[in-house]
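Reviewing the structure listed below.
Chains as they are written, first to last, in the working numbering: chain A, 484 to 599; chain B, 628 to 738.
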């Protein structure tokens, strides 16, 4: 069973704090993604990575950075948290489409971040 | 630019009634389309993909390139179908692994 694990289910931080969200997958997937999920806005891609140390900006990368030092781990970093970054953050992983699979995304349970 | 539109934020039907969740997309090539579902307190998961042309939990979806639509249908809704549904698109021609999601439709099936 594919497992994508997000280390923190709930976090409360203050404005200006540095925040780390960690995600680990155990299926040797090349691709990893960070989305934020907001009511009425759906899922919006922040960053994704298709290999170790490789990253690409998604649709809303401003205010975020990522790190992928190992294949199984993909971290999302908020350098200076702001209240408009209060959201549910979803990590996902997949094999490349057309390679070992169809590119189906496997999601973690989510990290709900509140910035005060 | 790729875009996925789900025109209904909320959809409410009675058990046993047919249900259709609409999805329209904007993309010039031949996209890959998916439906993902999130049940209460569960993680988001794939429901079905257009390539497979399969029926999952009684749901089907047909890609209509002329209307650029990928509506999700079920002839007889069940209470356990209540969930959040997201339509998603990938553009294989660009070699992109990126999946673009719609804003989602919350389906409620009433007893």
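By construction, the Cβ of each residue, glycine as well, lies at the ideal position given by its N, Cα and C atoms.
Is the CB-CB distance between residue 499/A and residue 570/A below 8 Å?
Taking the first residue of the first chain as 1, we reach residue 499/A at position 16. Taking the first residue of the first chain as 1, we reach residue 570/A at position 87. Cβ distance not < 8 Å, so residue 499/A and residue 570/A don't count as in contact.
Check whether the region 701-712 of chain B and the region 635-651 of chain B are in contact - that is, three or more C-beta pairs closer than 8 Å.
They touch, by the three-pair rule.
Pairwise C-alpha distance: residue 529/A and residue 565/A
Here residue 565/A is taken as the residue at index 82 of the first chain, counted from 1. Here residue 529/A is taken as the residue at index 46 of the first chain, counted from 1. The straight-line gap separating the alpha-carbon atoms of residue 565/A and residue 529/A is approximately 16 Å.
Confirm, please, whether the CB-CB distance from residue 505/A to residue 489/A is below 8 Å.
Working through the first chain from its first residue, we reach residue 489/A at position 6. Working through the first chain from its first residue, we reach residue 505/A at position 22. Contact flag set, yes.
Quick check: what's the CA-CA separation for residue 538/A versus residue 692/B?
In the first chain, residue 538/A corresponds to position 55, counting from 1. In the second chain, residue 692/B corresponds to position 65, counting from 1. Distance between the alpha carbons of residue 538/A and residue 692/B is about 32 Å.
Using a beta-carbon distance below 8 Å, is residue 713/B in contact with chain A?
The residue you call residue 713/B lines up with position 86 of the second chain. Interface with chain A (8 Å Cβ-Cβ cutoff): residue 713/B is included.
Go through the region 562-588 of chain A residue by residue and report every complete run of the beta strand (DSSP E) that reaches 3 residues or more, in order.
Counting whole runs of 3 or more residues, the region 562-588 of chain A contains the beta strand (DSSP E) stretches 570-577.
Could you work out which residues of chain A lie near residue 724/B, taking near to mean beta carbons separated by less than 8 Å?
As a working note, residue 724/B is residue 97 in the second chain. Going along chain A in sequence order, the residues near residue 724/B (Cβ under 8 Å) are 514, 531, 533, 577, 579, 580, 586.
Candidates 717/B, 718/B, 700/B: closest to residue 638/B by CA position:
Within the second chain, numbered from 1, the residue matching residue 638/B stands at position 11. Among 717/B, 718/B, 700/B, the Cα nearest to that of residue 638/B is on 700/B.
Is the Cβ-Cβ distance between residue 574/A and residue 487/A less than 8 Å?
Here residue 574/A is taken as the residue at index 91 of the first chain, counted from 1. Here residue 487/A is taken as the residue at index 4 of the first chain, counted from 1. In contact: residue 574/A and residue 487/A (Cβ atoms closer than 8 Å).
Along the chain, where does the beta strand (DSSP E) containing residue 520/A start, and where does it finish?
As a first step, residue 520/A is located in the first chain; it is residue number 37 there, counting from the start. Residues 514-521.
Integer-rounded CB distance, given that residue 551/A should sit under 8 Å from residue 510/A
To locate residue 510/A, count along the first chain from 1; it is residue 27. To locate residue 551/A, count along the first chain from 1; it is residue 68. About 15 Å separates the CB atoms of residue 510/A and residue 551/A; that is not less than 8 Å, and the two are not in contact.
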